[in-house]
Amino acid sequence: MDTRGEAGRSNSASLRDREFVIHPMTNLVQHAEEGPLIIERGKGVYIEDDQGQRYIEGVSGLWSISLGFGQERLAKAAYEQSMKLSSYHMFRFKSHPAGIELAERLIKLAPVPMSKVFFANSGSEANDSAIKLIWYYNNALGRTSKKKIIGRHGGYHGVTIASGSVTGLQRNHSDFDLPLPMMRHTACPHYWRFGQAGESEEQFATRMAEELEKFILSEGPDTVAGFFAEPVMGSGGVIVPPKTYFEKIQKVLRKYDVLFVADEVICGFGRLGDMFGTTTYNLKPDLISIAKGLSSGYLPISAVLISEPIWQACLQESSKLGVFGHGFTYSGHPVCAAVANETLEIYKEMDIVTTVRKVAPALQDGFRAYADHPLVGEARGVGMMAALELVRDKKAKEPFAPQANVGLYIERRCQAHGVILRALGDALTAAPPLVASADEIREINRVVGVALDETLDHVKRCGLI
Ligand SMILES: Cc1ncc(COP(=O)(O)O)c(C=O)c1O
């Protein structure tokens with residue numbers, strides 16, 4: 001099963017890793033046995049491990065390194081800002097030019113009118129901040145019981161206690177005592193998986209909205225405060241919303257005065273072929289969370305953009321309580337902000353949206369070309385996000401047993417052939433850097449084809465099919 005040449009990898013770094021590091025989202029026992037793939041450097045879309053093996057980073061790290069590795073202008077921006085003002089905060093009436101510039105840029109760039117920017121360090125923190133701001137807002141309006149937050153099964157919004165609760169993935173809840181009691185989850189809008197026989201995509205979307213409405217009514221609309229959605233679900237396996245879904249969902253949210261948070265942590269900054277997924281799906285969010293592509297993943301920075309009514313509530317509470325009692329030491333850190341400013345400048349200069357629209361068809365067509373492969377239940381995606389859902393029985397859409405680890409197998413076959421992709425369950429996902437060339441994307445597609453055939457041999461050999 002281990003395809004990574006462990007013998008050559010039993011160096012001291014591998015041993016020290018196992019001795020000292022806890023790895024996120026990893027089977028820790030398996031990791032202790034097999035050790036890590038140690039990445040030493042990166043340039044463009046390529047990374048290189050400590051054995052000199054090169055890979056295309058086909059998921060941009062964790063959907064974040066949009067401009068690829070070794071972008072000199074970002075390194076320079078970090079260096080120059082470090083020499084000028086290496087660190088500072090925004091607490092208690094302080095500010096700095098890099099943070100001010102970034103906030104202004106973000107408000108101007110926002111896909112719908114937004115009023116203010118609150119900075120944090122990660123997607124999870126941005127979403128936690130969004131949740132707290134929703135609660136703050138309702139308290140300011142005297143709606144002290146309107147506090148429940150609805151996420152979706154399959155949605156991913158982070159792992160901190162609040163954002164992790166809105167995340168709708170069992171693996172992030174089990175035995176961490178999540179979700180929190182005021183968090184709820186509604187249906188996953190995956191038409192291919194959950195659509196009923198004879199139901200059109202639009203009818204499925206109508207059913208999703210009706211279910212949401214029933215759910216809000218059963219909870220009591222005066223207890224439901226917010227709804228979180230990624231424009232396209234990422235970590236849930238690249239789930240593209242069915243036609244008319246968001247239009248119908250948003251109608252329900254408006255009817256019951258439920259605030260809508262668009263989690264743009266991975267869709268934002270060009271990934272879907274628009275600057276924001278909010279534009280792609282005509283969303284009208286009250287809050288928008290951003291991270292990752294904001295700094296091309298070079299430094300940790302995130303933000304939540306809020307609408308004017310929420311800002312007014314912040315002012316009101318601040319005047320009542322004497323302080324806006326929320327913030328992180330590194331909210332708007334000047335070096336991170338400077339790198340984000342330079343990232344946004346590069347996106348503008350290269351016209352990131354046009355760049356993505358030119359190259360994305362190579363990825364989408366390449367992945368869809370495997371739709372007929374015996375292992376592929378569904379080929380899906382949009383822009384520079386794509387997935388192949390592997391199934392045991394194509395017609396019946398029957399998945400493999402999770403313990404068969406088919407997703408991990410194909411991920412490792414891709415790796416063995418020089419392409420890093422990520423299996424989420426048995427969905428093999430790709431989200432290459434937005435600067436990937438058509439040739440680099442074709443190489444990803446080629447390797448996926450080889451890995452699919454090898455995986456088919458494997459599942460046959462193991463009697464899994
Ligand atoms: C949509 C979405 N929201 C939030 C997060 C959490 O971001 P972070 O890992 O920076 O906390 C992620 C991370 O992948 C994400 O995909």
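For reference, each letter of the sequence shown is one residue, going 1 to 465 in our numbering.
Yeah, the Cβ is synthetic: ideal placement off N, Cα and C, and Gly gets one too.
Remember, predicted model here, so these are calculated numbers, not experimental data.
Just the C-alpha distance for residue i and residue j, rounded to the nearest angstrom, thanks.
{"i": "residue 28", "j": "residue 175", "result": "15 Å"}
{"i": "residue 434", "j": "residue 418", "result": "19 Å"}
{"i": "residue 270", "j": "residue 63", "result": "12 Å"}
{"i": "residue 508", "j": "residue 227", "result": "The structure shown does not extend to residue 508, since the chain spans only 1 to 465, so no value can be given for it."}
{"i": "residue 108", "j": "residue 464", "result": "53 Å"}
{"i": "residue 57", "j": "residue 221", "result": "45 Å"}
{"i": "residue 237", "j": "residue 342", "result": "31 Å"}
{"i": "residue 319", "j": "residue 325", "result": "11 Å"}
{"i": "residue 190", "j": "residue 201", "result": "10 Å"}
{"i": "residue 420", "j": "residue 166", "result": "28 Å"}
{"i": "residue 466", "j": "residue 382", "result": "Residue 466 lies beyond the range of the chain shown here (1 to 465); nothing can be said about it."}
{"i": "residue 147", "j": "residue 357", "result": "40 Å"}
{"i": "residue 239", "j": "residue 71", "result": "30 Å"}
{"i": "residue 450", "j": "residue 414", "result": "8 Å"}
{"i": "residue 203", "j": "residue 232", "result": "19 Å"}
{"i": "residue 466", "j": "residue 136", "result": "In the structure displayed, the chain extends from 1 to 465; residue 466 sits before or after that span and is not available."}
{"i": "residue 43", "j": "residue 69", "result": "4 Å"}
{"i": "residue 117", "j": "residue 282", "result": "21 Å"}
{"i": "residue 447", "j": "residue 213", "result": "44 Å"}
{"i": "residue 92", "j": "residue 192", "result": "51 Å"}
{"i": "residue 460", "j": "residue 244", "result": "40 Å"}
{"i": "residue 140", "j": "residue 440", "result": "52 Å"}
{"i": "residue 2", "j": "residue 406", "result": "Bear in mind that the predicted position of residue 2 carries a pLDDT of just 45, short of 50, making it unreliable; the figure below should be weighed with that in mind. Taking the straight line from one Cα to the other gives about 13 Å."}
{"i": "residue 432", "j": "residue 401", "result": "28 Å"}
{"i": "residue 170", "j": "residue 154", "result": "9 Å"}
{"i": "residue 144", "j": "residue 247", "result": "29 Å"}
{"i": "residue 5", "j": "residue 404", "result": "Caution is warranted here: a pLDDT of 47 is assigned to residue 5, below 50, making its placement in the model unreliable, and no coordinate value can be reported."}
{"i": "residue 287", "j": "residue 337", "result": "20 Å"}
{"i": "residue 242", "j": "residue 22", "result": "38 Å"}
{"i": "residue 456", "j": "residue 426", "result": "13 Å"}
{"i": "residue 156", "j": "residue 12", "result": "35 Å"}
{"i": "residue 142", "j": "residue 98", "result": "36 Å"}
{"i": "residue 125", "j": "residue 304", "result": "9 Å"}
{"i": "residue 211", "j": "residue 38", "result": "46 Å"}
{"i": "residue 385", "j": "residue 263", "result": "16 Å"}
{"i": "residue 159", "j": "residue 289", "result": "15 Å"}
{"i": "residue 26", "j": "residue 173", "result": "15 Å"}
{"i": "residue 334", "j": "residue 314", "result": "24 Å"}
{"i": "residue 256", "j": "residue 216", "result": "8 Å"}
The beta strand (DSSP E) with residue i in it runs from where to where?
{"i": "residue 378", "result": "376–382"}
{"i": "residue 303", "result": "302–306"}
{"i": "residue 144", "result": "Segment: none, residue 144 is in no beta strand (DSSP E) and carries neither H nor E."}
{"i": "residue 422", "result": "422–424"}
{"i": "residue 430", "result": "427–430"}
{"i": "residue 119", "result": "116–120"}
{"i": "residue 291", "result": "Where residue 291 is concerned, there is no enclosing beta strand (DSSP E), given that its DSSP letter is neither H nor E."}
{"i": "residue 387", "result": "385–390"}
Tell me where the alpha helix (DSSP H) around residue i begins and ends.
{"i": "residue 350", "result": "334–350"}
{"i": "residue 446", "result": "438–461"}
{"i": "residue 410", "result": "406–416"}
{"i": "residue 163", "result": "161–166"}
{"i": "residue 31", "result": "28–34"}
{"i": "residue 171", "result": "It is not in any alpha helix (DSSP H) - residue 171 carries neither H nor E in the DSSP assignment."}
{"i": "residue 191", "result": "191–194"}
{"i": "residue 183", "result": "Per DSSP, residue 183 belongs to no alpha helix (DSSP H); it is in the beta strand (DSSP E), 183–186."}
{"i": "residue 17", "result": "12–20"}
{"i": "residue 108", "result": "97–109"}
{"i": "residue 140", "result": "123–140"}
Just to confirm, does residue i get its C-beta within under 7 Å of one of the non-hydrogen atoms of ligand 2?
{"i": "residue 291", "result": "The model depicted lacks ligand 2 and carries ligand 1 instead."}
Report, in whole angstroms, the separation of the C-beta atoms of residue i and residue j, which I expect to be a contact under 8 Å.
{"i": "residue 90", "j": "residue 306", "result": "In fact, because the Cβ distance is near 16 Å, the residues do not count as touching under 8 Å."}
{"i": "residue 111", "j": "residue 279", "result": "5 Å"}
{"i": "residue 355", "j": "residue 387", "result": "22 Å between Cβ atoms; not a contact."}
{"i": "residue 295", "j": "residue 229", "result": "The Cβ separation is near 23 Å, so there is no contact."}
{"i": "residue 292", "j": "residue 123", "result": "7 Å"}
Could you pull out every unbroken beta strand (DSSP E) segment of at least 3 residues lying fully inside the segment 242–288, listed in chain order?
-> Runs of the beta strand (DSSP E) inside the segment 242–288: 259–263.
Any 3 or more C-beta pairs closer than 8 Å across the segment 328–344 and the segment 293–300 | They touch, by the three-pair rule.
Three CB pairs or more closer than 8 Å across the segment 263–280 and the segment 71–81 = The segment 263–280 vs the segment 71–81: no contact.
Unbroken stretches of the beta strand (DSSP E), 3 residues or longer, contained in the segment 37–86 = Here the runs fully enclosed are 39–43, 46–49 and 54–57.
Could you pull out every unbroken beta strand (DSSP E) segment of at least 3 residues lying fully inside the segment 190–231, listed in chain order?
-> For the segment 190–231, whole beta strand (DSSP E) runs of length 3 or above, ordered along the chain, are 224–229.
Please confirm if the segment 391–398 is in contact with the segment 340–355, defined as three or more CB-CB distances below 8 Å between the two stretches.
-> The segment 391–398 vs the segment 340–355: no contact.
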